[in-house]
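Trainee: Our numbering numbers the first residue of the sequence shown as 1432 and each following residue consecutively. We put the beta carbon where it would ideally sit given N, CA and C, even for glycine. All figures in this text were calculated on a predicted structure; none of them were measured in a lab.
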Amino acid sequence: MNIYDFDETIYNGDSTRDFYFYCLKKYPKILLDVPRMAWTFFLYILGVVTKTRFKQTMYRFLRRVPDIDAATDDFWNKHENNIKKWYKDRQKEDDVIISASPEFLLSPICARLGIKNLIASKVNKHDGKYTGVNCHGEEKVARLNKAMPDAHCEEFYSDSLSDAPLAEIADTAYIVRRDAVLPWDEYKPSKLKMFFTREFLAFLIVGVINTLSNVIFSTIYSLFIPDTTLAFFPGYITSNVVSYILNSFVTFKEKLSFVKFVKFFISYIPNFIIQTVIVWLFDRFIHGPSIIAYALAAIIGVPVTFVFMKIFTFRKKK
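(1) So for T1488, helix, strand or coil by DSSP?
(2) Measure the C-alpha to C-alpha separation of A1601 and K1523 and round it to an integer number of angstroms.
(3) Evaluate I1709 with the Cβ neighbour count: other Cβ atoms within 10 Å of its Cβ, from every protein chain shown; 16 or more gives buried, anything less gives exposed.
(4) Take I1705 as the anchor and find which of A1724, I1717 and K1691 has the nearest alpha-carbon.
(5) My understanding is that R1494 touches Y1458, with C-beta atoms under 8 Å, so please give their C-beta distance in whole angstroms.
(6) Mapping the DSSP letters down to three states, classify F1587 as helix, strand or coil.
(7) Taking the straight line between their C-alpha atoms, what separation do you get for P1466 and N1555?
(8) Cutting at 7 Å between CB atoms, please list the residues of its own chain near N1513, excluding the five before and the five after it.
(9) Once DSSP output is grouped into helix, strand and coil, what is the label at Y1561?
(10) Quick test of your reading: V1572 and T1440, contact by CB under 8 Å. State the CB separation rounded to the nearest angstrom.
(11) Once DSSP output is grouped into helix, strand and coil, what is the label at T1603?
(12) Should the region 1554-1568 be regarded as contacting the region 1520-1539, the criterion being three or more beta carbon pairs within less than 8 Å?
(13) Do I1540 and W1507 have their C-beta atoms within less than 8 Å of each other?
(14) What residues match up with P1533 in a beta bridge as DSSP calls it?
(15) Judging by CA-CA distance, which residue of D1616, F1485 and I1528 is the nearest neighbour of A1578?
(16) I'd like the span of the beta strand (DSSP E) that includes A1611, first residue to last.
(17) Using a Cβ-Cβ cutoff of less than 7 Å, which residues in the same chain neighbour A1662 once the five nearest sequence positions on both sides are dropped?
(18) Confirm, please, whether the CB-CB distance from V1637 to L1677 is below 8 Å.
(19) What does a CB cutoff of less than 6 Å around K1749 pick up in its chain, not counting 5 residues either side in sequence?
(20) According to DSSP, simplified to helix, strand and coil, what is K1749?
(21) When burial is assigned at 16 or more other CB atoms within 10 Å of the CB, is V1646 buried or exposed?
(22) Would you identify the three-state DSSP class for D1498, choosing helix, strand or coil?
(23) If we count the other Cβ atoms within 10 Å of its Cβ and call it buried at 16 or more, is I1717 buried or exposed?
(24) Which partner residues of I1434 appear in the DSSP bridge assignment?
(25) Roughly how many whole angstroms lie between the Cα atoms of F1664 and L1687?
(26) Taking the alpha helix (DSSP H) that K1516 falls in, what are its first and last residues?
(27) Inspect the beta-carbon positions of D1384 and T1659 and report whether they are closer than 8 Å.
(28) Cutting at 7 Å between CB atoms, please list the residues of its own chain near G1732, excluding the five before and the five after it.
(29) Does the Cβ-Cβ distance between N1433 and E1630 come in under 8 Å?
Following this line, the structure appears as structure tokens:
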């Protein structure tokens, strides 16, 4: 049998996202749940709550859909043409779809396509509550083994490297990029992808805190050190101690260690050079308030710091 992910694999887009905006257009009261959803997403980025908890909070909008069965049926009337042609050309009777999207949403389209085997997140279609956890990553393999213990996967297709656990049990695996189907081992993800992850979002949040602490500490030191650039040095070091602690626990989920502490400061050397040059140029040629120079320097150094930190300080062993 062949196994397929659904969203961005055989479906052009993200079905959960599309269904959310479909419901939002028909039932604007869903907007009342946005603040709670945004707050839970913030906690998820910080690692305080799980992805399952965040998605369950998002699915609370289902309580505001009066007839969920009619809504899903009408949704697929409008979105069925998003199923990719290449999949229809390869479809077999024993295909298995394994997806993190909710089962109640994918069941109707699978029935239309004649797909008999569907494994997806079990979400109550009336209130959004989960039974179990989000069907993602290693959980997909666990669900497959439970539902079909004797299954043998000949080919596996997905758009995401997070599905590596399924790819490992398949005879042959493929990455899907839009309508292109590429051998799994030959796929080289763009380096820019690291900026579209939970880690980078968490790093940005920590970066905001670090920027504020850098500005505050540098400004305080400038009260005792007349030269703006010289006052920046101790402010930079103090704020980075705070940054190391936050990045260890919040961004990269690592324990504190002296070795990583040293590597952390080494990874900040390019950032330090960039920021020092910016502060010096600002102080010598623009002559504006020192607080603006500190803030500008911190903001520009964020992407450079993240790259060095990820590949050097907190690089995970395979």
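Mentor: On the basis of the supplied data:
(1) helix
(2) 16 Å
(3) buried
(4) A1724
(5) About 10 Å; that fails the 8 Å criterion.
(6) strand
(7) 22 Å
(8) Y1442, N1443 and G1444
(9) strand
(10) About 17 Å separates the two Cβ atoms, so there is no contact after all.
(11) strand
(12) yes
(13) yes
(14) S1552
(15) I1528
(16) A1611 to P1614
(17) S1649, Y1652, S1653 and I1656
(18) yes
(19) With a pLDDT of 49 at K1749, under the threshold of 50, the predicted position of this residue should be treated as unreliable, though the coordinate-derived value follows. So the list is empty, once near-sequence residues are dropped.
(20) Confidence at K1749 is low in this model, with a pLDDT of 49, below 50, so its placement is unreliable and the value that follows should be read with caution. K1749: coil per DSSP, three-state reduction.
(21) buried
(22) coil
(23) exposed
(24) V1527 and F1587
(25) 24 Å
(26) K1516 to R1521
(27) In this structure the chain extends from 1432 to 1749, so residue 1384 is not present and cannot be described.
(28) N1702, I1705 and Q1706
(29) no
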